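Protein chains in written order, with UniProt numbering: chain A, 1 to 458; chain B, 1 to 458. All C-beta atoms, glycine included, are put in the ideal place defined by N, C-alpha and C. For clarity, every value in this text was computed on a predicted model and none was experimentally measured.
Protein chains: 2
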Amino acid sequence: MPSHDLLIIGGGPAGHVAARDAAARGLSVALAERHLLGGTCLNVGCIPTKVLLGATNAVAELKAQQKRRLCSGEISFDLKALMQRKDRLVAGSRQAVEKELAGLGVTLFTGAASFTGPTSALIRTADGDTPVDFRHAILATGTRPADFPGLTADGCRVLDSDALLSLQTVPQSILILGGGAIGLELGEWLSRLGTAIIMVEAADRLAPFEDPEVSAQLKTALSRDGWKIHLGKKAVSLQTVGDIARCELEDGTVLEADLALTALGRRPNTDGIGLEAARIATDGRGFVQIDDHLRASATVYAVGDVNGRALWAHAAMHQARHAVRSILAASSAPYPFPSMPGCIYGTHEVMRVGASARELAAAGRPVSISRSLLAANPLAQAHGASAGLVKCVWDGEQLAGVTAMGWNVSHLVTLAQALITQQTTRNELDSLIFAHPTLDESLEAALMHAPRERFGEA
Amino acid sequence: MPSHDLLIIGGGPAGHVAARDAAARGLSVALAERHLLGGTCLNVGCIPTKVLLGATNAVAELKAQQKRRLCSGEISFDLKALMQRKDRLVAGSRQAVEKELAGLGVTLFTGAASFTGPTSALIRTADGDTPVDFRHAILATGTRPADFPGLTADGCRVLDSDALLSLQTVPQSILILGGGAIGLELGEWLSRLGTAIIMVEAADRLAPFEDPEVSAQLKTALSRDGWKIHLGKKAVSLQTVGDIARCELEDGTVLEADLALTALGRRPNTDGIGLEAARIATDGRGFVQIDDHLRASATVYAVGDVNGRALWAHAAMHQARHAVRSILAASSAPYPFPSMPGCIYGTHEVMRVGASARELAAAGRPVSISRSLLAANPLAQAHGASAGLVKCVWDGEQLAGVTAMGWNVSHLVTLAQALITQQTTRNELDSLIFAHPTLDESLEAALMHAPRERFGEA
Numbered sequence: 001m002p003s004h005d006l007l008i009i010g011g012g013p014a015g016h017v018a019a020r021d022a023a024a025r026g027l028s029v030a031l032a033e034r035h036l037l038g039g040t041c042l043n044v045g046c047i048p049t050k051v052l053l054g055a056t057n058a059v060a061e062l063k064a065q066q067k068r069r070l071c072s073g074e075i076s077f078d079l080k081a082l083m084q085r086k087d088r089l090v091a092g093s094r095q096a097v098e099k100e101l102a103g104l105g106v107t108l109f110t111g112a113a114s115f116t117g118p119t120s121a122l123i124r125t126a127d128g129d130t131p132v133d134f135r136h137a138i139l140a141t142g143t144r145p146a147d148f149p150g151l152t153a154d155g156c157r158v159l160d161s162d163a164l165l166s167l168q169t170v171p172q173s174i175l176i177l178g179g180g181a182i183g184l185e186l187g188e189w190l191s192r193l194g195t196a197i198i199m200v201e202a203a204d205r206l207a208p209f210e211d212p213e214v215s216a217q218l219k220t221a222l223s224r225d226g227w228k229i230h231l232g233k234k235a236v237s238l239q240t241v242g243d244i245a246r247c248e249l250e251d252g253t254v255l256e257a258d259l260a261l262t263a264l265g266r267r268p269n270t271d272g273i274g275l276e277a278a279r280i281a282t283d284g285r286g287f288v289q290i291d292d293h294l295r296a297s298a299t300v301y302a303v304g305d306v307n308g309r310a311l312w313a314h315a316a317m318h319q320a321r322h323a324v325r326s327i328l329a330a331s332s333a334p335y336p337f338p339s340m341p342g343c344i345y346g347t348h349e350v351m352r353v354g355a356s357a358r359e360l361a362a363a364g365r366p367v368s369i370s371r372s373l374l375a376a377n378p379l380a381q382a383h384g385a386s387a388g389l390v391k392c393v394w395d396g397e398q399l400a401g402v403t404a405m406g407w408n409v410s411h412l413v414t415l416a417q418a419l420i421t422q423q424t425t426r427n428e429l430d431s432l433i434f435a436h437p438t439l440d441e442s443l444e445a446a447l448m449h450a451p452r453e454r455f456g457e458a
Numbered sequence: 001m002p003s004h005d006l007l008i009i010g011g012g013p014a015g016h017v018a019a020r021d022a023a024a025r026g027l028s029v030a031l032a033e034r035h036l037l038g039g040t041c042l043n044v045g046c047i048p049t050k051v052l053l054g055a056t057n058a059v060a061e062l063k064a065q066q067k068r069r070l071c072s073g074e075i076s077f078d079l080k081a082l083m084q085r086k087d088r089l090v091a092g093s094r095q096a097v098e099k100e101l102a103g104l105g106v107t108l109f110t111g112a113a114s115f116t117g118p119t120s121a122l123i124r125t126a127d128g129d130t131p132v133d134f135r136h137a138i139l140a141t142g143t144r145p146a147d148f149p150g151l152t153a154d155g156c157r158v159l160d161s162d163a164l165l166s167l168q169t170v171p172q173s174i175l176i177l178g179g180g181a182i183g184l185e186l187g188e189w190l191s192r193l194g195t196a197i198i199m200v201e202a203a204d205r206l207a208p209f210e211d212p213e214v215s216a217q218l219k220t221a222l223s224r225d226g227w228k229i230h231l232g233k234k235a236v237s238l239q240t241v242g243d244i245a246r247c248e249l250e251d252g253t254v255l256e257a258d259l260a261l262t263a264l265g266r267r268p269n270t271d272g273i274g275l276e277a278a279r280i281a282t283d284g285r286g287f288v289q290i291d292d293h294l295r296a297s298a299t300v301y302a303v304g305d306v307n308g309r310a311l312w313a314h315a316a317m318h319q320a321r322h323a324v325r326s327i328l329a330a331s332s333a334p335y336p337f338p339s340m341p342g343c344i345y346g347t348h349e350v351m352r353v354g355a356s357a358r359e360l361a362a363a364g365r366p367v368s369i370s371r372s373l374l375a376a377n378p379l380a381q382a383h384g385a386s387a388g389l390v391k392c393v394w395d396g397e398q399l400a401g402v403t404a405m406g407w408n409v410s411h412l413v414t415l416a417q418a419l420i421t422q423q424t425t426r427n428e429l430d431s432l433i434f435a436h437p438t439l440d441e442s443l444e445a446a447l448m449h450a451p452r453e454r455f456g457e458a
């Protein structure tokens with residue numbers, strides 16, 4: 001039976017980085033991916049959505065200037081060509097991953113793996129079953145679109161995000177169930193192609209994981225762009241009826257559109273991977289339980305989406321690196337579970353890093369807030385941006401969090417994070433020269449020139 | 001005779017910031033501006049060029065995707081509306097400056113000031129001459145477009161950048177003399193409006209103050225966009241002939257275009273301001289000489305463009321803040337003359353911060369270089385960017401400089417600067433989480449994942 005120092009189950013960002021790091025440091029590594037290397041992020045997640053948004057950005061920039069009557073024009077997309085471009089870029093990156101791992105001597109299996117014991121697994125490939133022994137394993141099987149009874153993608157007029165990313169015709173209208181990152185990004189893309197957007201979110205605000213002010217500004221901006229947004233409304237049914245998608249809300253309202261997207265979150269890929277055999281437990285939501293070392297058992301680390309801690313590709317990669325370091329080291333430090341930066345992309349972007357005001361206040365910290373409006377930034381003005389803000393959260397005198405909504409604010413995320421994690425002092429901030437004019441100055445304005453309000457006060 | 005703690009001559013970024021800071025701290029301040037508050041930056045520099053580039057960015061994004069045959073479309077601008085929008089934005093900011101300074105009790109004069117002695121000046125306003133006494137003065141009169149014999153803007157077919165920013169008709173072609181930031185930005189703008197660009201630069205590369213690799217990549221990208229670029233060519237004459245602009249180069253080549261722009265650098269505004277009376281000297285290029293405290297004399301500080309040290313608005317503001325602190329403090333530290341971040345905007349942006357490899361090598365430092373290509377970054381790919389790079393300069397193990405060329409790289413400038421000025425260690429870099437996918441990852445790739453080459457070796 002082939003034996004490896006490390007078996008990795010799942011070839012998404014976490015599996016890829018773990019395999020690369022471990023193989024580069026001399027471990028014998030096997031990686032089993034049942035579908036496509038690159039996982040959700042590369043194949044049906046962050047990357048293809050960014051390709052679609054990047055390619056259609058001209059529409060957003062055009063509209064912003066048309067509103068100001070500075071220009072006229074029209075842009076029409078060849079959806080087939082756009083999808084081919086996306087597929088080519090994705091395939092190219094996938095091949096690069098495969099080549100890199102093969103070059104490092106990683107044994108790659110295309111097949112589903114399941115644990116048969118604490119140090120053994122079976123990989124089912126097209127060529128038959130291969131039993132594999134391992135000293136350590138990293139479980140990184142990720143998540144897939146969640147569905148709920150009555151609200152399930154049917155592949156006809158009701159699609160999940162995986163299916164929507166293979167769209168062949170632009171719908172006249174789409175009903176998006178879920179106002180989180182996935183629904184927002186795909187909605188922004190389709191809106192640029194001319195699709196009318198109807199969005200339903202059960203929570204009382206869009207992007208419910210973000211700062212409430214960000215949610216509010218997002219709603220204003222998207223409503224101004226023509227989106228019909230239903231907040232605090234639960235859908236009770238969603239199905240294809242004839243050639244349309246039909247959704248009934250709790251209050252009896254019926255919504256119809258050419259197409260519907262269910263974007264109701266993600267659920268972990270933990271079925272059929274022999275968790276019991278490896279003595280791995282799941283939590284109430286089905287995510288793999290881990291200890292503070294990212295271990296799901298004595299021999300298995302669980303990293304990335306599958307442990308449910310931070311559903312971001314960069315979080316997955318960060319955890320993967322830690323797991324490999326732990327496997328290589330005699331002793332290991334606990335994983336710090338750092339606060340993860342996050343972005344939502346589109347015409348109206350969202351970024352956040354560090355703590356939120358609510359979190360800090362709940363922990364009894366003395367919280368204050370300072371803000372700047374994007375409309376006061378010359379670069380944002382130049383791009384016709386009228387909505388948006390940058391908001392800094394202070395824990396006493398220490399910068400603890402930054403969030404923002406508006407034109408290009410994803411570009412502020414690493415700068416904000418560096419200032420927070422390096423615990424930049426007021427003096428250091430003073431000596432940081434912000435080039436003029438930059439969008440970064442909107443962060444400077446919130447950091448340095450805005451009054452601070454005690455959180456919780458009006 | 002009215003007497004003030006501080007007289008500021010020039011109401012550009014330096015004068016504005018100095019007046020605000022000094023007045024906010026209780027000094028009695030007079031500010032004389034002979035033309036428009038906001039100076040070059042706000043009225044005929046950074047801001048209007050960014051408005052014009054921002055408004056036309058849709059064209060660049062559209063072209064990048066059209067090249068990949070993903071869409072078709074056309075955008076046509078209403079130049080008059082665009083100019084009005086620019087003028088409105090600029091006027092709004094100017095009014096905000098005026099209101100802020102008036103609110104702080106600054107005495108504002110619209111008029112040219114000239115020193116009549118070390119602590120006295122005369123301000124010539126429309127209402128007559130006003131003599132003013134001061135304890136301290138800050139000279140911040142800035143610069144204006146340079147001209148050279150035979151190459152002077154004539155206001156007819158040969159314009160300087162001030163005049164080009166009031167253009168009323170889009171020319172079919174323009175001949176731009178000077179391949180620095182001003183020529184590049186205005187060229188990018190006109191190119192988006194459909195103007196054919198002919199650029200002549202006396203140095204052997206574009207953007208001669210930037211890294212040579214940046215210059216080379218810029219030339220490749222702009223040539224691909226259809227620019228005709230003549231490097232290492234000196235113009236001997238440039239004039240309006242009939243209804244065209246005609247330029248003769250040293251080698252006898254004759255270039256013709258609808259319009260010409262002289263963008264041959266800037267020269268200081270030092271005429272008629274009584275430098276002798278205030279015992280202020282100028283250097284060989286006409287810039288005001290200063291000591292290491294930014295002082296041009298015992299009573300006068302000279303900050304911003306007029307001292308010729310760093311012709312950036314943010315440099316001017318930084319110096320102004322230092323001058324005010326020095327005036328307020330009993331003792332004063334010398335000005336550190338920090339390395340200034342700088343950007344050139346447009347479709348192909350440039351950013352730089354910190355030291356260049358050449359500078360460090362000339363100082364005998366052990367220099368190495370690491371690079372990433374923008375074409376490997378998913379966000380740059382998504383926006384159709386194929387050119388560009390991020391280049392890190394290392395002094396031993398310490399990050400000493402970063403420069404970049406390509407799509408949106410101006411957004412990397414403050415992050416790079418923070419990492420340099422905070423002397424971020426390798427460990428701190430390791431713990432900095434780069435969100436995926438972001439353009440910031442192109443900096444991460446150059447910082448963390450690229451091999452380092454000794455500078456000077458192939």
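Presumed contact (8 Å Cβ cut-off) between residue i and residue j, rounded CB distance
{"i": "T262 of chain B", "j": "D147 of chain B", "result": "6 Å"}
{"i": "E185 of chain B", "j": "G346 of chain B", "result": "6 Å"}
{"i": "K80 of chain A", "j": "Q168 of chain A", "result": "7 Å"}
{"i": "L42 of chain A", "j": "G150 of chain A", "result": "Wrong, their Cβ atoms sit about 31 Å apart, outside the cutoff."}
{"i": "Q417 of chain B", "j": "I433 of chain A", "result": "7 Å"}
{"i": "L419 of chain B", "j": "V393 of chain B", "result": "Not quite, the Cβ-Cβ distance comes to about 12 Å (not below 8 Å), so this is no contact."}
{"i": "G384 of chain B", "j": "M405 of chain B", "result": "Contact flag wrong, Cβ pair sits at about 16 Å."}
{"i": "E349 of chain B", "j": "N408 of chain B", "result": "6 Å"}
{"i": "A235 of chain B", "j": "E256 of chain B", "result": "About 13 Å separates the two Cβ atoms, so there is no contact after all."}
Burial state of residue i (16 or more Cβ within 10 Å)
{"i": "S442 of chain B", "result": "buried"}
{"i": "E201 of chain B", "result": "buried"}
{"i": "K391 of chain B", "result": "buried"}
{"i": "A381 of chain A", "result": "In the sequence on display, residue 381 of chain A carries Gln and not Ala. Q381 of chain A is buried by the Cβ-count criterion."}
{"i": "A458 of chain B", "result": "Note that A458 of chain B scores a pLDDT of 43, beneath 50, so its modelled location is shaky; the value from the coordinates is reported in the next line. Exposed, by the Cβ-count rule."}
{"i": "R352 of chain A", "result": "buried"}
{"i": "N269 of chain B", "result": "buried"}
{"i": "A14 of chain B", "result": "buried"}
Within chain A, partners of residue i - CB distance below 7 Å
{"i": "H322 of chain B", "result": "By Cβ distance, chain A contributes nothing, its closest Cβ being about 11 Å from H322 of chain B, past 7 Å."}
{"i": "I47 of chain B", "result": "P378 and P437"}
Neighbouring residues, chain B, relative to residue i (Cβ below 8 Å)
{"i": "V413 of chain A", "result": "A435, T438 and D440"}
{"i": "K50 of chain A", "result": "P378, L379, A382 and P437"}
Whether residue i touches residue j by CB criterion (8 Å)
{"i": "A113 of chain A", "j": "I280 of chain A", "result": "no"}
{"i": "L108 of chain B", "j": "R20 of chain B", "result": "no"}
{"i": "G105 of chain A", "j": "A32 of chain A", "result": "no"}
{"i": "I182 of chain B", "j": "S161 of chain B", "result": "yes"}
{"i": "A435 of chain B", "j": "T421 of chain A", "result": "no"}
{"i": "L311 of chain B", "j": "R267 of chain B", "result": "no"}
{"i": "A260 of chain A", "j": "L177 of chain A", "result": "yes"}
Proximal residues of chain A, C-beta to C-beta of residue i below 9 Å
{"i": "H318 of chain B", "result": "I433"}
Contacts that residue i makes with chain B (C-beta to C-beta distance below 7 Å)
{"i": "P451 of chain A", "result": "Result: empty, since nearest Cβ-Cβ is about 14 Å, beyond 7 Å."}
Exercise. May I ask you to list, following chain order, the residues of the segment 60 to 87 of chain A that have a beta carbon less than 7 Å from some beta carbon of chain B?
Key: E61, L62, Q65, R68, R69, L70, C71, S72, G73, E74, I75, S76, F77, D78, A81, L82 and R85
Practice problem: Give the residues from the segment 155 to 182 of chain A that approach chain B closer than 8 Å (Cβ to any Cβ), ordered along the chain. | Solution: Listed in sequence order: no entries.
Quiz item: Using a Cβ cut-off of 8 Å, which residues of the segment 362 to 388 of chain A contact any Cβ in chain B, in chain order?
Solution: P378, L379, Q381, A382, H383 and G384
Quiz item: If contact means a Cβ-Cβ distance below 7 Å, which residues of the segment 338 to 352 of chain B contact chain A?
Solution: P338, M340, P341, G342 and C343
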